[in-house]
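Right, one structure below, let's go through it.
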Ligand code: HEM
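Numbering (the numbering used here), first residue to last: 88 to 235.
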């Protein structure tokens with residue numbers, strides 16, 4: 088339907104520079120919930136500055152991982168349930184590293200922020216609505232990782 092087209096078109100634009108838009112997403116996320124930066128511990132040392140985190144090779148990899156999951160969701164718009172098992176286990180991993188399910192609301196806000204920054208006027212209210220629904224559905228599957 089038209090909702091899916093809005094998502095596919097806008098993702099085609101944004102995914103041309105995934106690292107940039109992913110960095111906008113996480114910069115926004117750390118503005119809204121600064122304590123989340125402490126969950127990223129590589130080699131059991133944690134970042135004391137957001138900028139150190141954003142610039143690290145491991146965190147840059149995490150950004151790529153996030154964008155790959157979103158890319159998979161966009162590619163599977165007609166069969167999102169095929170990602171269900173994977174997203175449940177992804178949720179479980181995030182619970183294990185100390186992420187609270189509520190923080191994924193802030194991630195959603197930050198995703199919309201990054202899309203809007205990347206798309207400008209092309210980010211219409213219909214596009215926002217379409218992405219909100221897709222994101223809600225991804226989080227719905229991930230949330231099972233906190234419940235069972
Ligand atoms: C892995 C934190 C959001 C996808 C991880 C790891 C941490 C982490 C600490 C393990 C280290 C690593 O692989 O870099 C967080 C935090 C988030 C967040 C604090 C926001 C509150 C997301 C989102 C997605 C995502 C929104 C995608 C929708 C992944 C993937 C992995 C991962 C694919 C690798 C899992 C594996 O090893 O199988 N995350 N993450 N993360 N994260 Fe996140």
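C-beta: ideal position from N, C-alpha, C; glycine also.
Output needed for residue i: all residues of its chain with C-beta closer than 6 Å, excluding positions within five of it in sequence on either side, in chain order.
i	result
residue 89	none
residue 197	112, 115, 116
residue 217	90, 93, 94
With hydrogens ignored, establish whether the beta-carbon of residue i is closer than 7 Å to any heavy atom of the ligand HEM.
i	result
residue 126	yes
residue 122	no
residue 111	no
residue 190	yes
residue 91	no
residue 225	yes
residue 172	no
residue 118	no
residue 237	It is not possible to answer for residue 237, since the shown part of the chain is limited to 88 through 235.
residue 145	yes
residue 94	no
residue 266	As displayed, the chain neither begins before 88 nor continues past 235, which places residue 266 out of reach and without an answer.
Beta-carbon within less than 7 Å of residue i's beta-carbon, same chain only, minus the 5 sequence neighbours each way: which residues are those?
i	result
residue 204	111
residue 146	127, 140
residue 183	none
residue 153	109
residue 193	116, 119, 120
residue 224	167
Once the 5 residues before and after residue i are set aside, which same chain residues still bring their CB inside 8 Å of it?
i	result
residue 314	Since the first residue of the chain shown is 88 and the last is 235, residue 314 is not available in this structure.
residue 106	147, 150, 151, 154
Between residue i and residue j, how many whole angstroms is the CB-CB distance? I'm expecting something under 8 Å.
i	j	result
residue 230	residue 195	Their Cβ separation, rounded to whole angstroms, is 12 Å, which puts residue 230 and residue 195 out of contact at 8 Å.
Does the beta-carbon distance from residue i to residue j come in below 8 Å?
i	j	result
residue 191	residue 226	yes
residue 170	residue 97	no
residue 158	residue 102	yes
residue 233	residue 188	yes
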